[in-house]
Each structure stands twice: as C-alpha cells, then as structure tokens.
Amino acid sequence: MISDEAKEIRTGEEIDISSLEFFLNQNIEHFGKITGIKQFPGGYSNLTYLILTENKNYVLRKPPKGAKAIKGGHNMHREYEILESLTKAGFDKIPKPIFYTGDESVLGSEFYLMQKLEGTILRNSEFKKQKEFLNPELMAKLSQQICETQAELHKIKIENTPLQNIGKPDGYIARQVTGWHDRYLNAKTDDIETELLVFNWLTENMPVEIKPTLLHNDFKYDNVIFDIENQKILAILDWEMATIGDPRMDIGTSLSYWCEAGDGDFEKNFNLSWLPGNYTREEYVAHYQKINPELDLSNILYFYVFGLFKNAIIIQQIYARYKRGLTDDMRFANLILGVKALMLKSYNSILENRML
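Okay, so the sequence shown: first residue is 1 according to the UniProt record's numbering, each after it adds one.
This is how it looks when you write it as structure tokens:
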C-alpha cells in the first residue's frame, strides 16, 4: 500500500546522528545503533523525521529553526503531553509517545520520539497511485470510521486530567471568530467584500457555547493513518492545534475540508472525500448525530461557515507571504483565487441557509 515516503533530509534541516544516538542510548533501553535518518516531506510547520535503528524505527518531531520567535507555536512538550494523556484516557488511535526531552544541547531544540506506524495516508496528491483500491465500498467504510472516531474523541473525559489545561474553553467561539478576522486584516492584500459580510454574520449569530471537549482542530483524511487491508483507522496525526472548546467548532472545521463531487477543483485539493461512496457533508452530520445524540447539531451551518472562513484566512496568510516577497514559491502565486472562492462559498451558504 502507498504511504507517506520519507526522503532525503532538506538542506539546513540535518540532524546530528552521533549526538542523537549517544543521548537516546542513555535514555531509552535497547535503543541501539542508528542506521539512517530520513525526513517526511509533508507539512509546513514542525519537522518530522524517520529514525532507523538496528532494532526498530521511530518518528522524531522537532520545531523548525527560529521557532522560539513565534509566541505559543511549535510546543513539542505540549504535543507530547497530549499524546500521553490520550494514551492514559484509553484513546488508542494515536502513535504511541515514547520519549521527550527539553535538552537543547542534543539537536539544538526540544524534540520527542513516537511510534512509527505502517499504514496509508489518503492524499489528493497521491490519488493517481491510490485510486485503484479506493472503491465506493471502501470509501463508505473509511468515511464512517472518520466520523465515529471524531465522535469518540469528543466523548473523552477531560475533567481532572492534563487535557483540561491545554486550552481556555470559556469564550472560545468569540475568540476564534475575532482572532481569525484580525489575522485576515494583518494579512490582507486584496479587497474581499465577502470577508467582512461573513465576519459580521458570525458575530451577530454567535451561538451559546456547550460543554467543552477535546478538539483536534485539523481532523481530516490526510491526518489519518489507515490500515487499508483491514479497513480501519490506525492513528490520528498532527495534534499541534488541539485544544479545549465547543466540539461543534471541530466538526465545522472538518466539514469545511470535506469536499464533495460537485465542489470545485480548488476545494478537492483538501481531501479525498469527494470520491464515490464517501459520506457527503449531510450524511456525516446525520451519522455523527446518530452516534452522539447528546450533541445538538441543528445549528451546524454556523460552524461550517466558520470553518470555510478560517480556511480562507489560512490561505490568505500564505498568499500574503508570497505577495510581500517573503517567499518566491510559485505554488502560492494564485492562492488569492482560492481565498475568494472559499469566502464566496461561505457567504453563499449563509444566503441559502445550507452547507454548499
């Protein structure tokens, strides 16, 4: 099966093998000799490496250079504690956390090790390689499991555990709406009238918050490792944005990535959820409501609109870096078209009172 392939390490992001090997043999029993290190190419945030040893393989996560200048970003200890807490809570769909250190003398930054899992990550960029086995029956099964796993995540008891301290749930919706609008203003390059219209609607129609739960905040196909042969989820990845808040915000964010067959090509880059057999957005909501009836999703449109709004602004921030000459990566040159498309989709969903 196709899985994310680790490749040669990018220039400037190399790891001191001898320092790492010496340190880990002092701290992990039977760690052994490192036989190779490769880097996973995906992602734009923390750096992820494959550590090959004579005994077993590991995944290492560390922040990029200059991460200390970003307030609140790239907190490896926070990520590691979340994985540890999930393990203690009995949530087993994660890579097992193995070791963390804040000793920056080893690699120049904090880092942690976790279990290396063998499986398949479904990505739009890999569709040509994966389409031969992504039949409607499989997509129906996998999308059902995604939905059920998100519901399972929201049912984890966080009271009196370290998880209750990873966020500030009171006023979470208001902070998110205002915060993302502020980020848009800071990254603004073009006049997009629909941004202000959507922001005003989100502000004026803000719902009363419900009991907070753990939120993943980036819950979508390319953050999931599947065992395709047995049609099941092995692990949820990338917990760096996890927090505590209204679970409907998590669902809305997932739905905003959950493109369908009738959506545009830009949206289809987000997920492979547009394939035949996969749950539609409405089917996802209906199934979630069935297995978690205590959580009222009658107002899910609000959270879907917010998800599109947030995604548009994330893309705007990337485009602004290109527009301001901070990167010459030509992949970013036309992202403004995506920003406008998502904002318009968000606004039209408001006008039509349904998830478009």
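Ideal Cβ placement from N, Cα and C applies to all residues, glycine included.
Ala333 is not bridged by DSSP to any residue. Of the residues Asp238, Asp246, Glu5 and Leu202, the one whose Cα lies closest to the Cα of Leu215 is Asp246. For the pair of segments examined, the stretch 332-341 was found not to touch the stretch 271-290: the number of CB pairs separated by less than 8 angstroms stays below three. Glu209 and Ile173 have their alpha carbons spaced roughly 7 angstroms apart. Using a Cβ distance threshold of 8 angstroms, Pro63 and Met76 count as a contacting pair.
Under the three-pair Cβ rule at 8 angstroms, the stretch 260-279 does not count as touching the stretch 322-329.
Shortest Cα-Cα distance from Ile121 to any of Asn223, Glu282, Leu134 and Leu308 involves Asn223. Nearest to Leu47 by alpha-carbon distance, out of Phe111, Asn57 and Tyr319, is Phe111.
Distances from the CA of Ala286 to each of Leu202, Gln164 and Gln144 were compared; the closest alpha carbon is that of Gln144. Counting only unbroken stretches of 3 or more residues, the beta strand (DSSP E) elements lying wholly within the stretch 221-307 are 224-227, 232-236 and 243-245, in sequence order. In terms of Cα proximity to Pro207, the closest of Val305, Ala187, Ile225 and His181 is Val305. Excluding five sequence positions before and after Leu255, the CB atoms of its chain that fall closer than 8 angstroms to its own CB belong to Arg281, Tyr284, Val285, Ile300, Phe303, Tyr304, Gly307 and Met355, given in chain order. The DSSP-derived three-state label of Phe91 is coil.
In this structure, DSSP gives Asn348 a helical state, which the three-state scheme calls helix. A check of alpha carbon separations from Asn278 across Glu240, Asp238, Asp265 and Glu260 identifies Glu260 as the nearest.
Excluding the 5 residues flanking it on each side, Asn160 has no same chain C-beta neighbour closer than 8 angstroms.
Excluding five sequence positions before and after Ile166, the CB atoms of its chain that fall closer than 7 angstroms to its own CB belong to Arg78, Ile82, Ala242, Thr243 and Ile244, given in chain order.
Per DSSP, the beta bridge partners of Arg61 are Thr48 and Tyr112. Residue environment: Asn269 is assigned as exposed (fewer than 16 neighbouring CB atoms within 10 Å of its CB, all protein chains considered). Leu138: member of the alpha helix (DSSP H) spanning Pro136 to His154, first to last residue. Tyr319 is not a Cβ neighbour of Val198, given a cutoff of 8 angstroms. Bounds of the beta strand (DSSP E) holding Thr101 are Pro97 to Thr101.
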